[in-house]
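A quick write-up on the structure given underneath.
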Amino acid sequence: MLFSHSLIKGGVHPEGRKQLSNDNDIMRLPAPKRLYISLKQHTGLPATAVVRAGDKVIAGQLIATGSGSSANLHAPQSGVVLKIATHRAAIPGGGEELMIHMLCDPERQNSSLKVDNDAKDRVALIDIIEAAGVVGMGGAVFPAATKIRSTLNKQIDTLLINGCECEPYLTCDDKVMREQSVEVIGGIRYLLQATAAPKAIIGIEDNKPEALQILTDAASEDSNIEIKSLPTHYPMGSAKQFIQALCQVEVPKGKRSTDVGVFVQNVATCAAIYNAIRYGKPMTHRVVTLSGGALEKPMNIEAPIGTLISELVASCGGLKGTASRIVIGGPMMGHTISNMHTPIIKGTSGILFLEESELPQKNSSPCVSCGRCVSVCPMGLLPNAMAELVANDDLEASSEQGLNSCLLCGSCAFICPASLPLTQYFTYAKDELGRQRKMENKAQLARRLNQQRSERLAKEATEKAAQKAAKKAQRGATRPKRTPTTAEQEI
Amino acid sequence: MSTLLLSAPHIHSGMTVSRLMRQVILGLLPALVFGIYLFGEQALLLVVASMVAAIISEWLCQKCQKTTIGRLRDGSAIVTALLLVMSLPPHFPWYLGAFGAAVAVILGKQVYGGLGQNLFNPAMLARVVLLISFPVAMTSWPAPEPLFINLADAFTGATTLGAVMETGSSEINTGIITMLLGIAPGSLGESPLLLLLGGIWMIWKNVIDWRIVVSLIIGCFIPSTIAWLISPDTILSPLAQLSSGGLLLAAFFIATDPVTSPTTPKGRYWYGLGCGLLIFLIRVFGAYPEGVAFAILLMNAVSPLIESCTRQRLYGEIK
Ligand code: SF4
Ligand code: SF4
Chain Y
61 MLFSHSLIKG
71 GVHPEGRKQL
81 SNDNDIMRLP
91 APKRLYISLK
101 QHTGLPATAV
111 VRAGDKVIAG
121 QLIATGSGSS
131 ANLHAPQSGV
141 VLKIATHRAA
151 IPGGGEELMI
161 HMLCDPERQN
171 SSLKVDNDAK
181 DRVALIDIIE
191 AAGVVGMGGA
201 VFPAATKIRS
211 TLNKQIDTLL
221 INGCECEPYL
231 TCDDKVMREQ
241 SVEVIGGIRY
251 LLQATAAPKA
261 IIGIEDNKPE
271 ALQILTDAAS
281 EDSNIEIKSL
291 PTHYPMGSAK
301 QFIQALCQVE
311 VPKGKRSTDV
321 GVFVQNVATC
331 AAIYNAIRYG
341 KPMTHRVVTL
351 SGGALEKPMN
361 IEAPIGTLIS
371 ELVASCGGLK
381 GTASRIVIGG
391 PMMGHTISNM
401 HTPIIKGTSG
411 ILFLEESELP
421 QKNSSPCVSC
431 GRCVSVCPMG
441 LLPNAMAELV
451 ANDDLEASSE
461 QGLNSCLLCG
471 SCAFICPASL
481 PLTQYFTYAK
491 DELGRQRKME
501 NKAQLARRLN
511 QQRSERLAKE
521 ATEKAAQKAA
531 KKAQRGATRP
541 KRTPTTAEQE
551 I
Chain Z
29 MSTLLLSAPH
39 IHSGMTVSRL
49 MRQVILGLLP
59 ALVFGIYLFG
69 EQALLLVVAS
79 MVAAIISEWL
89 CQKCQKTTIG
99 RLRDGSAIVT
109 ALLLVMSLPP
119 HFPWYLGAFG
129 AAVAVILGKQ
139 VYGGLGQNLF
149 NPAMLARVVL
159 LISFPVAMTS
169 WPAPEPLFIN
179 LADAFTGATT
189 LGAVMETGSS
199 EINTGIITML
209 LGIAPGSLGE
219 SPLLLLLGGI
229 WMIWKNVIDW
239 RIVVSLIIGC
249 FIPSTIAWLI
259 SPDTILSPLA
269 QLSSGGLLLA
279 AFFIATDPVT
289 SPTTPKGRYW
299 YGLGCGLLIF
309 LIRVFGAYPE
319 GVAFAILLMN
329 AVSPLIESCT
339 RQRLYGEIK
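Sequence lines, in order, name chains Y and Z. Residues in the first sequence are numbered consecutively from 61, following the numbering used here. Residues in the second sequence are numbered consecutively from 29, following the numbering used here.
What follows is the structure, encoded as structure tokens:
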């Protein structure tokens, strides 16, 4: 490690703890009785429900439509819509969100999308992906179709398929690659068509030798799909670092990966794309890793979107100890929740039940300027300096230092011997800056609307005056003259 | 179930400040123990007195000043005291050593606000204070008297570097082997081999940054080689330069003090080079044969500047 050259800058080597959950096959959850399907699966606008309380739905039926930044939602199972109301959500900070509450029938009925699975046209393929409500499953939870559509007017040289799964504990992508290699490779073929990219590279960290082998075999016929082993190195799976490791290019600040001719997609998303185009299956299920020292039987479960976490835990044999912390996502970037009576969403990759002994120590000491955070930051930032600025509430200065580039990857806080909550500072500062920007935009919008309103009023007033003048001219000068009052003018 | 909502990451490398300090102490131990063995109970008394003084001063400061940063438990006071005594003459009066340790902790660290807040290396600051206040005691170097072996009285009572400066001749009468082991008049913890051992262990354990160590050694080695080639009669051979005068102590244990060195990887190269070069310059041209303390303090002063000049390139930043 000392003098070794690495593909990405900085980074850390946390203990993988993947063996906890990667031994068993993916378990298919027996149909849960109730589902709570959140209309807000990710940041951005929520989807709009197209069913009403009392409606009978069948599995695969569209129940909410997306709007650009959100994706369509489909009923994972047949049943009745009980109501559309708020319910506790597994989101950072807790809170409630609007959800479709469903009571499921045990009987299995299926509806699939009407798709032309021989479609060759790029737009047609993208339309199917959009209709199926496929979202990026690697964390961003951005509608896949919207992302692919952005490549229509860009030249994509390489499709990068992310199978790194660099977060410790998580094994859902690993399991998908091992058990659904046909779907993964099939999805990549469709994606190659949809993005018109000449080749694809699947990058997998070398701590997943089986997945590497299985995918290599599955893609042996495809000369344009290459499988590359990457060193196990956090945060290899972060899009920017992934691109850097595989293509030796950096995405310039403020640009997107498509600007450097690459398009990144996660392996599980590829499998979902395959199911959508090949079988017209909308995205209604996902594989979730349940792991952590407090869990009786850590494993991967394929569960309908909207299943309560408490039900998933029960099917893993429950908790064996006290979970000191429940984390949604991976331990490096995930967020905690306090209530298990919350449903999973399309982006829930893992649920971790961590024991006290697995957690970092709580007491932080002062920064000793050891520079460890600086050398592990994959973005080349100075976390110690930024944190100090944030602590002094100098958000402007910290964003000059590059706060916006911070991935919140947690490498700095992971390594910090003083156990400083560095990422917490940056999350706070980013939220705060975002809020300020929003306020600023709102104020601007209000100003603009105000201006538009007064312009409209003025226009209406002149029109009215003109109409009146015309009428008057028609009727002749029989009536006494009257000038409009100011009040009349303003209406 | 009570679950606190705490922010990511939810796992940690396990490295803590007190563990770092413990590992530094472990790294120092071989040379320290050997020093005590060489210089007898007077050295032991000095070590103990300084440690006790440092701990008491730290404790007092933390009692009086509630807002001070750091805790007694973190072990930084002990590290400071040990670094100071390692650089003192072994028979330095114990009460003056204790005084020095108190100066290091109180004036070197606590007045700045505690752990991590100081600009200068506390141990080196205290050493300079002692050198200026007690010049005689600070420059009387006893010959080693190992507890079990009887060494021939081959030693002059001046350090290698001091002898060169006084006599103006680089012909020294200590053999290179005894010098490598540190069986020579010198400060308490100067055994080059054992310092090397502890230092390399610390690099391996990721306690200190090899960049500073290597660049400091290079920074001193290259100019001394050049100077020695030019004037071999008056300049000590490069190898002797490296193995004496606390150069290795500085390279592995003092310059690598995280608080007072730059945090940027590139800055560390420059910092190390600067320290090495200054040590050489002070040794050859300065008034004090042992240049380490001054060199370190000078570099401490410019460390923030180095840091701000050596920011790393941001990912995706076009230069
Ligand atoms: S890792 Fe922690 S202690 Fe070290 S410089 Fe960064 S913030 Fe300070
Ligand atoms: S969380 Fe931000 S500052 Fe810390 S290592 Fe990751 S990118 Fe760098």
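Beta carbons are placed, not taken as given, at the ideal position from N, Cα and C, and that holds for glycine. This structure is a prediction, so every number in the text was calculated from the model and none was measured.
- Residue 436 (chain Y) has its CB nearer than 7 Å to a heavy atom of ligand 2.
- Rounded to whole angstroms, the separation of the alpha carbons of residue 55 (chain Z) and residue 230 (chain Z) is 6 Å.
- With a cut-off of 7 Å, the C-beta of residue 444 (chain Y) is classified as near ligand 1, since at least one heavy atom of the ligand falls inside that distance.
- As the crow flies, the alpha-carbon of residue 326 (chain Z) is around 30 Å from that of residue 342 (chain Z).
- Cβ-Cβ distances below 8 Å link residue 296 (chain Z) to 237, 239, 240, 243, 289 and 290 in the same chain, with the five nearest sequence neighbours on each side left out; the list follows chain order.
- In the DSSP annotation of this structure, residue 475 (chain Y) is not part of any beta strand (DSSP E); the continuous alpha helix (DSSP H) holding it starts and ends at 471-475.
- Bounds of any alpha helix (DSSP H) do not take in residue 341 (chain Z), whose DSSP letter is neither H nor E.
- Under a criterion of Cβ atoms nearer than 7 Å, the residues of chain Z adjacent to residue 395 (chain Y) are, in order, 36.
- Contiguous alpha helix (DSSP H) elements confined to the region 454-510 of chain Y occur at 455-460 and 471-475, taking only those with 4 or more residues.
- If you draw a straight line from the Cα of residue 342 (chain Y) to the Cα of residue 194 (chain Y), it is about 7 Å long.
- For residue 83 (chain Z), no CB of chain Y lies under 8 Å from its own CB, so it is not counted at the interface with that chain.
- Counting only runs that start and end inside the region 281-327 of chain Z, the alpha helix (DSSP H) elements of at least 4 residues fall at 293-313.
- Under a criterion of Cβ atoms nearer than 9 Å, no residue of chain Z is adjacent to residue 327 (chain Y); the nearest Cβ is some 23 Å distant.
- Inclusion of residue 378 (chain Y) and residue 362 (chain Y) in the CB contact set at 8 Å is not warranted, their separation being larger than that value.
- Under a criterion of Cβ atoms nearer than 9 Å, the residues of chain Y adjacent to residue 142 (chain Z) are, in order, 426.
- Beta-bridge analysis with DSSP links residue 147 (chain Y) to Y:157.
- Taken through DSSP and simplified to helix, strand or coil, residue 418 (chain Y) comes out as helix.
- Three or more Cβ pairs closer than 8 Å define a contact, and the region 151-161 of chain Z falls short of that threshold against the region 79-96 of chain Z.
- Contact check between the region 256-266 of chain Y and the region 334-341 of chain Y: fewer than three CB pairs, one atom from each, fall below 8 Å, which does not count as touching.
- Short note on residue 159 (chain Y): C-beta not closer than 7 Å to any heavy atom of ligand 2.
- Scanning its chain for C-beta atoms nearer than 8 Å, with the 5 sequence neighbours on each side dropped, one finds around residue 114 (chain Y) the residues 140 and 141, in chain order.
- The beta carbon of residue 416 (chain Y) sits closer than 7 Å to the beta carbons of 384 from its chain, once the five residues preceding and following it are set aside; these are given in chain order.
- Proximity of the beta carbon of residue 338 (chain Z) to ligand 1 is not indicated: no heavy atom of the ligand is located closer than 7 Å.
- With respect to the 8 Å criterion, residue 334 (chain Y) and residue 239 (chain Y) are not classified as neighbours on the basis of their beta carbons.
- A distance below 6 Å between beta-carbons, with the five flanking residues on each side excluded, links residue 130 (chain Z) to the following residues of its chain, in chain order: 81 and 85.
- DSSP places residue 347 (chain Y) in the uninterrupted beta strand (DSSP E) bounded by 345-351.
- Scanning chain Y for C-beta atoms nearer than 7 Å to the C-beta of residue 287 (chain Z) yields 428 and 429, reported in chain order.
- Contact check for residue 305 (chain Y) against residue 67 (chain Y) passes: the beta carbons are separated by less than 8 Å.
- Nearest neighbour of residue 190 (chain Y) by Cα position, chosen from Y:269, Y:422, Y:201 and Y:206, turns out to be Y:206.
- Taking 8 Å as the threshold, the shortest C-beta distance from residue 48 (chain Z) to chain Y falls below it.
- According to the DSSP assignment, residue 51 (chain Z) belongs to the alpha helix (DSSP H) that extends over 45-92.
- Taking 7 Å as the cut-off, one finds at least one heavy atom of ligand 2 near enough to the beta carbon of residue 439 (chain Y).
- Distance from the Cα of residue 371 (chain Y) is smallest, within the candidate group Y:88, Y:126 and Y:101, for Y:88.
- Across the region 454-484 of chain Y, CB contacts with chain Z closer than 7 Å involve 462, 465, 470, 473, 474, 475, 477, 478, 479, 481, 483 and 484, in sequence order along the chain.
- Of the residues assessed, residue 283 (chain Y) falls on the exposed side of the cut-off, its CB having fewer than 16 other CB atoms within 10 angstroms.
- Taking residue 250 (chain Z) as reference, the option from Z:314, Z:281, Z:306 and Z:212 with the minimal CA-CA separation is Z:306.
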